[in-house]
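A.B. asks: Dropping the structure in here first, questions after.
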Amino acid sequence: MTRDTPSAERAYRRTLALLTLVVALWSVAWAVLTPGFRSPDEQNHLNSAVRIAYGGGWPAPGEARFAPVTEQAVEEAAYPADLPGRWRYRPDETQFVDLTPVPADERVRIDAGNALPPPGSTATVDQMTQHPPAYYVLGAGVLHLTGTVDARWDVALLALRLLDVALLTATVPLAAATTRRLTGSRSAALLAAPFPLLIPQVGHILGAANNDALVVLTGAGVTYLSARVVTGDQRWRTAVGLGLVLGVGLLTKVMLAFAIPTVVAAYLLAPGPRSRPRAGPSVLARSGRGLVALAVAFVVGGWWWARNWIVDGAVQPVGLPRDYDGMTRVPADQVLEEAVGRTAQAFFGNLSWLEIHLPGTFVAVGSTVLVVAPLVAVALPGARRGAVTVALLPLALAVGVVGNALQGWSETGVLVALQGRYVFGGLAALATLLAVALWQLCLRRERWTAVVVPGFTTLAAVAGAAGLVWAFGAMYRGPGESAAQAWERWAAWSPLSGTVIAVALVVVVLGFVAGLVAAWRWYPAARDPRG
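If you count the sequence shown from 1, position 200 lands on 216 in the numbering used here, and the numbers rise without skipping.
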């Protein structure tokens with residue numbers, strides 16, 4: 017049982033703050049490490065944020081175009097030259113390591129003359145307007161607030177990447193709070209905090225400019241508030257707050273629609289009145305609160321998708337039609353296995369535009385853990401209702417991704433859109449489920465769970481550092497080259513100087529050390545009779 021003394025609470029908050037810092041610094045390292053536009057659709061995300069920042073609005077799907085600054089930036093970033101870690105070497109393609117970067121002070125700057133496409137432009141279609149604009153409005157605001165709205169393209173891109181770092185960082189205390197709400201254990205909550213470090217793709221995607229970061233944060237908010245509901249918080253303000261967060265998610269991307277089952281389950285599974293009067297609202301009253309939450313969500317963001325259906329005849333209109341020519345057809349007897357396997361690969365580690373693959377052994381082990389942990393959390397006593405509730409979000413997302421791909425395959429014979437990052441909206445839920453499972457395996461004893469915290473945090477830190485080292489080589493180290501040569505290439509392509517990168521890495525290392533020290537000091541703090 018967790019002691020509720022001030023000293024225990026202070027120790028917990030200090031440890032959680034340092035573990036949150038570790039995740040933040042880790043994702044900053046990814047933001048600095050990844051070459052420009054080497055994350056899916058990153059040039060589109062920058063283009064859309066800049067368009068809003070310069071008053072270009074939100075055109076209909078298929079009508080937005082790349083601005084001149086985006087086209088020049090893509091050329092300066094040497095996209096899509098093959099990175100050295102590509103899963104299959106293509107000798108006839110341009111190799112990134114053979115190119116000379118444009119010097120930093122010569123890279124194109126954003127200004128009023130190049131930030132918007134000219135009338136009648138035939139430039140590349142920016143398909144991001146198939147999504148709602150919430151993330152891009154936020155991104156445009158960040159560009160203005162940081163003074164990077166008229167900066168070099170790579171500096172503006174870094175500003176958006178750091179926005180995503182902040183959004184990811186905010187999910188860490190939410191995952192910990194969700195776990196603590198379901199278990200009552202501070203130690204279990206600390207197990208949820210370093211979870212992102214275990215998945216290289218999380219750092220890569222959420223250390224890049226990507227609208228998925230706001231999906232991840234709103235998904236974490238829905239997970240936390242749903243955990244409160246299913247454990248007895250039936251206040252109207254909680255229902256309204258849940259609706260607001262879900263609505264912002266819906267105004268970001270359609271993926272948050274998969275959180276609706278979680279909201280419904282939270283109210284249906286919440287404890288109702290028993291023998292005592294006023295023990296809790298009836299199932300009818302709980303259903304009413306759930307309906308209020310969903311109504312608020314619709315008013316805030318759900319209307320966007322209803323409008324699409326009415327105006328365009330589709331929930332999400334196609335922003336850029338896909339060309340299936342040259343794509344490999346998948347036989348019927350392999351399609352399900354292929355769809356699941358590729359989604360898992362893209363969840364754990366498909367860097368750049370899915371061409372740098374994490375070794376399959378790690379994907380298999382990680383997938384096994386993320387399948388077994390929810391089963392344990394649901395099967396063992398202690399937090400069953402809460403575990404079922406939060407598990408619905410990542411489950412619905414995963415089924416949605418695979419199901420959508422299978423539907424597309426039935427029409428074309430090709431599997432596409434198997435993006436593991438689409439499941440990241442359930443990241444906080446997955447962290448919670450793993451932490452709950454470990455707590456249950458420790459027989460729900462606080463001291464036993466506290467013993468696991470240092471070891472698990474160390475494992476996560478090692479995995480986080482190893483992912484960065486792997487990505488460094490895959491992105492910058494050519495065949496037969498030394499780490500020093502790869503470092504020089506990194507500094508040459510980066511918006512930052514080699515000295516600034518070195519200082520940033522030192523800060524990251526120091527942050528990791530501080531987080532590990534805090535984790536190893538947690539067990540004595542948990543055993544302290546004063547807390």
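From the three backbone atoms N, C-alpha and C, an ideal C-beta is built for every residue, glycine too.
(1) Pick out the complete alpha helix (DSSP H) segments inside the region 53 to 123, 4 residues or longer, and give them in chain order.
(2) Assuming G265 and A281 are in contact, meaning their beta carbons sit under 8 angstroms apart, how far apart are those beta carbons, in whole angstroms?
(3) Quick check on DSSP: helix, strand or coil for I372?
(4) Within 10 angstroms of the Cβ of T359, are there 16 or more other Cβ atoms? Answer buried if so, exposed if not.
(5) Does the Cβ-Cβ distance between P148 and T268 come in under 8 angstroms?
(6) In terms of alpha-carbon separation, which member of Y105, R29, N60 and L310 lies closest to I560?
(7) Under 8 angstroms, do L174 and P397 count as touching if we go by C-beta distance?
(8) Run through DSSP, which three-state label would V356 get?
(9) Comparing alpha-carbon positions, which option in D98, L409, G78 and T199 lies nearest F53?
(10) Any idea which residues DSSP pairs N366 with across the strands?
(11) What did DSSP end up calling V379 once you bin it into helix, strand or coil?
(12) In this structure, how does DSSP classify V478 when only helix, strand and coil are distinguished?
(13) Per DSSP, V141 is paired with what?
(14) Could you give the DSSP three-state label for R537: helix, strand or coil?
(15) Can you grab the Cα-Cα spacing for the pair A433 / A24, in whole Å?
(16) How is the alpha helix (DSSP H) around A444 delimited, first residue to last?
(17) According to the neighbour-count rule (16 or more other Cβ atoms, all chains shown, within 10 Å of its Cβ), is A395 buried or exposed?
(18) Can you tell me whether S513 is buried or exposed? The criterion is at least 16 other CB atoms within 10 Å of its CB, across all chains shown.
(19) Within 10 angstroms of the Cβ of P337, are there 16 or more other Cβ atoms? Answer buried if so, exposed if not.
(20) Hey, would you say G402 sits closer than 8 angstroms to L34, going by beta carbons?
(21) How far does the alpha helix (DSSP H) with V415 in it reach, from first residue to last?
(22) Considering only residues of the same chain and omitting the five flanking positions on each side of R168, which have a CB-CB separation below 8 angstroms?
(23) Hey, quick one: how far does the alpha helix (DSSP H) through I215 stretch, first residue to last?
(24) Mapping DSSP to helix, strand and coil, what is R461?
(25) Check whether the Cβ atoms of A413 and G382 sit closer than 8 angstroms, and answer yes or no.
(26) Given a cut-off of 8 angstroms on the beta-carbon distance, is the pair G335 and Q143 in contact?
(27) Spatial neighbours of V331 within its chain, please: CB distance less than 6 angstroms, with the 5 preceding and 5 following residues excluded, ordered by chain position.
(28) Can you give the beta carbon distance from L367 to A487, rounded, assuming they're within the 8 angstroms contact cut?
(29) If W425 sits next to G223, beta carbons under 8 angstroms apart, how far is it from one beta carbon to the other, in whole angstroms?
(30) Go to R177, then tell me how far its alpha helix (DSSP H) extends in each direction, as first and last residue.
(31) Who are the near neighbours of V617 in its chain, counting only those whose CB is closer than 7 angstroms to its CB and skipping five residues on each side?
C.D. replies: Concretely, from the data shown:
(1) 58 to 69 and 84 to 92
(2) Along the sequence shown, read from residue 1 onward, the residue named residue 265 stands at position 249. Along the sequence shown, read from residue 1 onward, the residue named residue 281 stands at position 265. Actually they are not in contact, since the Cβ atoms of G265 and A281 sit about 17 angstroms apart, beyond 8 angstroms.
(3) The residue labelled residue 372 in the question sits at position 356 within the sequence shown. In this structure, I372 counts as strand in the three-state DSSP scheme.
(4) As a position in the sequence shown, residue 359 is number 343, starting the count at 1. T359 should be labelled buried.
(5) Mapped onto the sequence shown, residue 148 falls at position 132. Mapped onto the sequence shown, residue 268 falls at position 252. Contact: yes.
(6) Outside the displayed span of the chain (17 to 547) sits residue 560, for which this structure offers no information.
(7) Residue mapping note: residue 174 aligns to position 158 of the sequence shown, counting from 1. Residue mapping note: residue 397 aligns to position 381 of the sequence shown, counting from 1. In this structure, P397 does not lie closer than 8 angstroms to L174 by Cβ.
(8) Residue mapping note: residue 356 aligns to position 340 of the sequence shown, counting from 1. V356: helix per DSSP, three-state reduction.
(9) In the sequence shown, counting from the first residue as 1, residue 53 sits at position 37. Residue D98 is the option with its Cα nearest to F53.
(10) Within the sequence shown, the letter at position 350 stands for residue 366. Bridge partners of N366: H373.
(11) On the sequence shown, position 363 is the one that residue 379 refers to. Looking at V379 - three-state DSSP - the assignment turns out to be helix.
(12) Residue mapping note: residue 478 aligns to position 462 of the sequence shown, counting from 1. DSSP places V478 in helix when its eight states are reduced to three.
(13) Your numbering for residue 141 matches position 125 in the sequence shown. DSSP output for V141 lists R81 as bridge partner(s).
(14) Within the sequence shown, residue 537 is the residue found at index 521, counting from 1. R537 falls in the helix class under three-state DSSP.
(15) Here the question's residue 433 lines up with position 417 in the sequence shown. Here the question's residue 24 lines up with position 8 in the sequence shown. Near 46 angstroms, if we compare the C-alpha coordinates of A24 and A433.
(16) Counting from one through the sequence shown, the residue named residue 444 turns up at place 428. Here the alpha helix (DSSP H) through A444 covers L443 to L457.
(17) Along the sequence shown, one-based indexing puts residue 395 at 379. With fewer than 16 other Cβ atoms within 10 Å, it is exposed.
(18) Along the sequence shown, read from residue 1 onward, the residue named residue 513 stands at position 497. Counting Cβ neighbours within 10 Å, S513 comes out exposed, since fewer than 16 surround it.
(19) Taking the first residue of the sequence shown as 1, we reach residue 337 at position 321. P337 comes out exposed.
(20) To locate residue 402, count along the sequence shown from 1; it is residue 386. To locate residue 34, count along the sequence shown from 1; it is residue 18. Their beta carbons are not under 8 angstroms apart, which means G402 does not touch L34 by this criterion.
(21) Position 399 of the sequence shown, counted from the start, is the residue given in the question as residue 415. It spans R400 to T428 - the alpha helix (DSSP H) in which V415 sits, taken as one unbroken run.
(22) Working through the sequence shown from its first residue, we reach residue 168 at position 152. Around R168: A120, R123, V124, R125, I126 and P511.
(23) Locating residue 215 in the sequence shown gives position 199, counting from the first residue. Note, I215: premise wrong, no alpha helix (DSSP H); not H, not E.
(24) Counting from 1 along the sequence shown, the entry for residue 461 is found at position 445. Note: R461 maps to coil in three-state DSSP.
(25) In the sequence shown, the residue the question calls residue 413 occupies position 397. In the sequence shown, the residue the question calls residue 382 occupies position 366. Checking the displayed sequence, the identity of residue 413 turns out to be Leu instead of Ala. No, the pair does not count as a contact, with Cβ atoms beyond the cut-off.
(26) For the purposes of this step, residue 335 is taken as the residue at position 319 of the sequence shown. For the purposes of this step, residue 143 is taken as the residue at position 127 of the sequence shown. Their beta carbons are under 8 angstroms apart, which means G335 touches Q143 by this criterion.
(27) If you number the sequence shown from 1, residue 331 lands on position 315. Correct list, in chain order: W321, N324 and W325.
(28) On the sequence shown, position 351 is the one that residue 367 refers to. On the sequence shown, position 471 is the one that residue 487 refers to. Contact flag correct, Cβ pair sits at about 6 angstroms.
(29) As a first step, residue 425 is located in the sequence shown; it is residue number 409 there, counting from the start. As a first step, residue 223 is located in the sequence shown; it is residue number 207 there, counting from the start. Incorrect: roughly 31 angstroms between the Cβ atoms, too far for contact.
(30) Against the sequence shown, residue 177 aligns to sequence position 161. Here the alpha helix (DSSP H) through R177 covers W169 to T199.
(31) Outside the displayed range of the chain (17 to 547) lies residue 617, so it cannot be described from this structure.
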